[in-house]
Every structure is written in C-alpha cells, then in structure tokens.
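Engineer: Count along the sequence shown from 1, then add 8; that gives the number in this note's numbering.
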Amino acid sequence: MAPGSSNSLHLSHSLDPRPTDALLVIDMQMDFLPGGSLAVADADTIIPGINELAARFDHVILTQDWHPRRHISFATTHGKQPFTDTVEAAYGTQTLWPEHAVQGSPGAELHPDLRIPHTELILRKGFREQIDSYSAFTENDGVTHTGLAGYLRERELTRLFFVGLAYDFCLGSSAIAAARLGFEAIVVHTLSRAVNLPGTVEATDAQFRRLGVRLVSADEIGGSQFTPSSGPVGEGA
Ligand SMILES: [Zn+2]
Numbered sequence: 009m010a011p012g013s014s015n016s017l018h019l020s021h022s023l024d025p026r027p028t029d030a031l032l033v034i035d036m037q038m039d040f041l042p043g044g045s046l047a048v049a050d051a052d053t054i055i056p057g058i059n060e061l062a063a064r065f066d067h068v069i070l071t072q073d074w075h076p077r078r079h080i081s082f083a084t085t086h087g088k089q090p091f092t093d094t095v096e097a098a099y100g101t102q103t104l105w106p107e108h109a110v111q112g113s114p115g116a117e118l119h120p121d122l123r124i125p126h127t128e129l130i131l132r133k134g135f136r137e138q139i140d141s142y143s144a145f146t147e148n149d150g151v152t153h154t155g156l157a158g159y160l161r162e163r164e165l166t167r168l169f170f171v172g173l174a175y176d177f178c179l180g181s182s183a184i185a186a187a188r189l190g191f192e193a194i195v196v197h198t199l200s201r202a203v204n205l206p207g208t209v210e211a212t213d214a215q216f217r218r219l220g221v222r223l224v225s226a227d228e229i230g231g232s233q234f235t236p237s238s239g240p241v242g243e244g245a
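1. For my contact list, D140 and Q102 are in at a C-beta cut-off of 8 angstroms; report their separation, rounded to the angstrom.
2. Among residues of its own chain, excluding the 5 on either side of L199, which ones have a beta-carbon nearer than 6 angstroms to its beta-carbon?
3. Mind checking which residues open and close the beta strand (DSSP E) that includes E164?
4. Have a look at Q168 and Y142 and give me their C-alpha separation to the nearest angstrom.
5. On the three-state DSSP scale, how would you describe G115?
6. When you compare the CB positions of V195 and F216, do they come within less than 8 angstroms of one another, or not?
7. Considering just the uninterrupted stretch of the alpha helix (DSSP H) at L179, what are its terminal residues?
8. Just to confirm, are Q89 and A83 a CB contact at a threshold of 8 angstroms?
9. Please go through the same chain and pick out, in chain order, the residues whose beta-carbon is closer than 8 angstroms to the beta-carbon of G158, but skip the five residues on each side of it.
10. For D35, count neighbouring C-beta atoms within 10 Å of its own C-beta (all shown protein chains included) and say buried if the count is 16 or more, exposed if not.
11. From T202 to V48, what distance separates their C-alpha atoms?
12. Starting from I34, trace the beta strand (DSSP E) both ways and give me its first and last residue.
13. Check A98 in the structure and name its three-state DSSP category.
14. Beta-carbon distances below 7 angstroms to any heavy atom of ligand 1 define the shell here; list its residues in chain order, please.
15. With DSSP as the reference, label H67 as helix, strand or coil.
16. Provide the residue span of the alpha helix (DSSP H) that contains T208, from first to last.
17. By Cβ distance below 8 angstroms, which residues in the same chain neighbour D93 in space, the five residues on each side in sequence not counted?
18. Compute the distance between the beta-carbons of W74 and A51, then report whether it is under 8 angstroms.
19. With C-beta atoms as the reference, is A30 less than 8 angstroms away from I124?
20. Relative to the C-alpha of Q138, which candidate in F65, L219, R77 and R132 has its C-alpha closest?
21. From the DSSP output, in three-state form, read off F82 for me.
22. Any chance the CB of R217 is under 7 angstroms from a heavy atom of ligand 3?
Right under this line is the structure:
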C-alpha cells in the first residue's frame with residue numbers, strides 16, 4: 009500500500025490498521041464520564057477521537073463494566089470509604105469504589121456520543137458478585153477468564169489497540185493481560201484518561217515497559233480517511 013510514501017513514514021506505516029487488528033474501547037460508560045458516580049477527569053474529551061479512530065478499524069470491541077447491586081468492589085457493600093479503603097477478597101486486596109456500572113442502570117450505559125455502529129462485540133465484565141474484573145481478559149482473581157482471548161484467537165485477531173477508561177485500572181489491566189496472553193498490545197494514550205490514585209499511573213507504566221506494551225498517540229496511527237476533528241473538542245497533540 010502507498011508505495012510512494014517516504015521513508016520517514018516508516019514508523020507510522022507500521023501502525024496502519026490491518027485486517028488482523030482489533031480496537032478495544034474500554035468502559036466508555038456514563039458512570040465513568042463527568043457527571044457519573046466514578047467520573048474520570050476529562051474523559052468526555054476523548055470521545056470524538058475514539059469515534060474517529062474506530063472508523064479506521066475493521067474490528068472494534070467495546071467493554072462494559074457490569075456489576076450486580078451488592079458487588080464486592082462497592083464501598084457501600086462493606087460500609088467503608090471508596091478510593092481509600094480496601095477489603096481482603098479471596099483473591100487478594102480489592103480497592104473499593106463508589107457504586108458504579110450497576111446492571112441495567114443509566115450509569116452502566118455506554119455513552120450515547122460513541123458512534124461506532126460497526127462494533128462487533130460488547131463484552132460485559134465484573135458481573136460476578138464476589139469477583140471484580142478490571143481486565144477484559146481475566147478477572148481480578150487471576151484465573152476466571154472472560155472468554156475474550158478465545159474469541160480473538162478464533163477470529164485470528166492478533167494485534168490489539170486499546171483506548172478508553174481508565175488508563176491505570178481497566179484499560180491498563182486489559183493491555184497487560186493481553187500482552188501476557190501473547191497478543192501484541194498497543195495503548196493509544198491520547199485517547200485514554202486515568203483515575204490517578206497515588207502511584208497507579210506509575211505502576212501501570214512500569215508494567216507496560218516490562219511486558220512490551222507499546223504507547224502511541226492517535227496521530228501516529230495511519231489511515232488515509234482520517235481528517236482532524238473539526239468538532240468542539242480539540243485533541244491534544
Ligand atoms: Zn467496576
């Protein structure tokens with residue numbers, strides 16, 4: 009493709025979306041966006057860029073956090089404080105959160121500004137009362153699988169790009185799990201935002217480096233159809 013391209017485009021060329029790539033859009037749900045119960049700062053600003061990037065991928069998968077009402081990850085389940093308190097689950101220490109993404113609630117809905125009609129799969133996770141699931145692949149106990157790896161392998165989708173929320177929890181855990189499972193994992197950091205509890209971004213970055221998870225900006229990803237956003241939200245360079 010594009011044989012006339014100059015050598016300087018070599019790197020961005022390697023990031024051109026391929027038929028064997030998938031874009032994973034993690035947890036772009038009302039509760040994680042401004043106004044939601046577990047809002048991630050500035051998360052609304054990445055929606056136009058996600059829509060534009062998704063249009064360049066043949067295969068797009070969305071994830072949806074999907075918790076029962078008395079979920080183990082909710083501070084209210086334990087009468088404790090969110091963000092700062094933890095509980096000891098059977099599988100280890102579980103950070104506690106405000107109630108969020110309750111099954112069937114408005115907060116659990118995908119944001120209506122997402123425009124990705126060719127989405128092929130919406131994967132729900134975290135639906136077991138006693139196990140949280142940051143990762144789209146393996147729940148927080150480390151052994152319960154969501155089935156996503158099998159789905160991707162059967163469809164021969166081998167290189168995965170990650171956008172969405174939150175960088176230091178569900179997106180990060182998903183990319184790390186993907187790399188451990190043998191997929192090539194690429195995180196589009198300009199189209200993600202972090203919860204940013206003490207040390208969580210640094211720990212995520214360190215894991216990415218250790219496992220070879222690549223960090224790129226949306227601008228580095230090829231695709232000739234792309235035109236810069238003319239919408240109300242300016243995207244950082
Ligand atoms: Zn959750």
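A virtual CB, placed ideally from N, CA and C, is assigned to each residue, including glycine.
Structural biologist: This is what the structure gives:
1. 6 angstroms
2. I54, G57, I58, V171 and A226
3. From DSSP, E164 is part of no beta strand (DSSP E); its letter is neither H nor E.
4. In the sequence as displayed, the identity of residue 168 is Leu instead of Gln. About 17 angstroms.
5. helix
6. yes
7. C178 to R188
8. yes
9. none
10. buried
11. It should be noted that the sequence gives Ala, not Thr, for residue 202. Approximately 7 angstroms between the Cα atoms of the pair.
12. D29 to I34
13. coil
14. D73, H75, S81, W105, H108, A109, G134 and D140
15. coil
16. T208 to L219
17. A83, H86 and L104
18. no
19. no
20. R77
21. strand
22. With respect to ligand 3, the structure offers nothing, as its ligand set consists of ligand 1.
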